[in-house]
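**Q**
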Amino acid sequence: MTMTMGTNAQRSRYNRDAVLSATPVRLLTMLYDRLLLDLNRAEAAQQRQDWQMASDNLIHAQAIVSELSTSLNVEAWDGGEGLFSLYTYVSTAMVSANSFRDATRTRECIALLEPLRLTWHEAAELLPAAPAPAARRSGELGIG
């Protein structure tokens, strides 16, 4: 049990460090990856009628969509308002999928968001590699 707790702590620290050192575009692709992972897990749980697992994953997916929509600057580009509308629609669909235990609604969210995930990954590959941002606090990387 102690080994598992140590492994979980190491994994959490690794994930935290990956997020803290990620570029903005990498953070975006990480959010989309996790969003689709949550939705696919939710759909699988709904198919086997594991409603708690489905709900947990749908709620986490909703939190990601909320973060994506609140951080979106709709004036930055012509498609901003359309993307915001899609986030609003998908968020509502996830609530419905959870409330009514509707795997079809979850599948619809996956179908709408997976092409965006792929597009963001393709866009990220076109950008030149950027150095990782500096540590946010002194000593965070064990230096100073």
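Numbers given in this note's numbering equal positions in the sequence shown, counted from 1, plus 13. Glycine included, C-beta positions come from ideal geometry on N, C-alpha and C.
1) In the structure shown, what three-state DSSP assignment does asparagine 86 receive?
2) In angstroms with no decimal places, state the Cα-to-Cα distance between leucine 48 and threonine 42.
3) To which residues of the same chain is methionine 66 closer than 8 Å at the C-beta, ignoring the five residues directly before and after it?
4) Taking only heavy atoms of the ligand NAD into account, decide whether any of them is closer than 7 Å to the Cβ of glutamate 88.
5) Measuring alpha carbon to alpha carbon, tell me which of Leu44, Ala35 and Gly95 ends up nearest serine 79.
6) Consult DSSP for leucine 131 and reduce its assignment to one of helix, strand or coil.
7) Please state whether the Cβ-Cβ distance between threonine 101 and alanine 110 is less than 8 Å.
8) Indicate whether leucine 126 and valine 103 have their beta-carbon atoms separated by less than 8 Å.
9) Roughly how many angstroms separate the alpha carbons of arginine 61 and glutamate 94, rounded to a whole number?
10) Is the beta carbon of alanine 74 sitting closer than 8 Å to the one on aspartate 46?
**A** Straight from the coordinates:
1) Coil at asparagine 86, not helix or strand.
2) Threonine 42 has its alpha-carbon roughly 10 Å from the corresponding atom of leucine 48.
3) Answer for methionine 66: Arg54, Ala55 and Ala58, listed in chain order.
4) For the structure depicted, the ligand NAD is absent and the ligand set is empty, with no information on it obtainable.
5) With distances taken between Cα atoms, serine 79 lies closest to Leu44.
6) Leucine 131: helix per DSSP, three-state reduction.
7) Here threonine 101 is not near alanine 110, since their CB atoms are 8 Å or more apart.
8) Yes, the Cβ-Cβ distance between leucine 126 and valine 103 is below 8 Å.
9) C-alpha separation (whole angstroms): 37 Å.
10) Cβ distance not < 8 Å, so alanine 74 and aspartate 46 don't count as in contact.
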